[in-house]
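Read the structure below first, then the notes.
In the UniProt record's numbering, the protein residues as written are 1 to 193.
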């Protein structure tokens, strides 16, 4: 799976055949087909695992952030900036898959689209927990900014798109209606006494 993930990401799903995966992974055809009936099944498994890892990375990135609660959703863009600057950045594996597997009924397209919805769901929960009243709308706006930043970073070959998207996201959050979180109320309580 690791070899398939690397090759699919570096070269594209359609450009990489089963023979190439077998050769580079050093496994036999029977071994591959014992676990995956075909290339499409391998791709779905790769994307499913990548989705799990990507969302765990995002949650860890947000959890490790020292941003104030109102700014915590901006950790997404800080993390994207780091990813865009990494060697070998080739865009979003899920966007790339949806482009190559354009049929929405394709299992791989479905896994990629589900990933995007899971990210939106995560952002929605984060925004809700941060006290944003319009969290449903904001989560989709931030996801749109993130996807746009990914494509722009790939096109421009620079991580700066994440910073520009972060600025727009900060403006959206700054204009949004928000209530104080319990943590903020507890932190402010001694100052009120």
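Idealized CB from N, CA, C, for every residue including glycine.
Source: prediction; values computed, not measured.
I need the straight-line Cα distance from residue i to residue j, nearest angstrom please.
i           : j           : result
residue 21  : residue 29  : 10 Å
residue 117 : residue 96  : 16 Å
residue 174 : residue 141 : 14 Å
residue 70  : residue 180 : 9 Å
residue 149 : residue 34  : 39 Å
residue 130 : residue 18  : 46 Å
residue 201 : residue 120 : Given a span of 1 to 193 for the chain in the structure shown, any question on residue 201 remains unanswerable.
residue 86  : residue 9   : 14 Å
residue 45  : residue 187 : 45 Å
residue 1   : residue 94  : 16 Å
residue 106 : residue 99  : 11 Å
residue 60  : residue 54  : 10 Å
residue 76  : residue 62  : 7 Å
residue 176 : residue 67  : 17 Å
residue 115 : residue 125 : 15 Å
residue 108 : residue 38  : 12 Å
residue 137 : residue 57  : 23 Å
residue 23  : residue 162 : 37 Å
residue 40  : residue 178 : 44 Å
residue 65  : residue 79  : 10 Å
residue 27  : residue 5   : 15 Å
residue 103 : residue 47  : 16 Å
residue 72  : residue 84  : 20 Å
residue 153 : residue 112 : 20 Å
Please list the terminal residues of the continuous alpha helix (DSSP H) segment that includes residue i.
i          : result
residue 31 : 29-35
residue 89 : Looking at the DSSP string, residue 89 is not in any alpha helix (DSSP H), and its letter there is neither H nor E.
residue 63 : 39-63
Would DSSP call residue i helix, strand or coil?
i           : result
residue 14  : coil
residue 78  : helix
residue 67  : coil
residue 98  : helix
residue 73  : helix
residue 167 : helix
So who's on the other strand from residue i, going by DSSP bridges?
i           : result
residue 178 : 132
Run through the segment 106-165 for me and flag every whole alpha helix (DSSP H) of 4 or more residues, listed as ranges in chain order.
If only uninterrupted alpha helix (DSSP H) runs of at least 4 residues are considered, those enclosed by the segment 106-165 are 107-129, 135-156.
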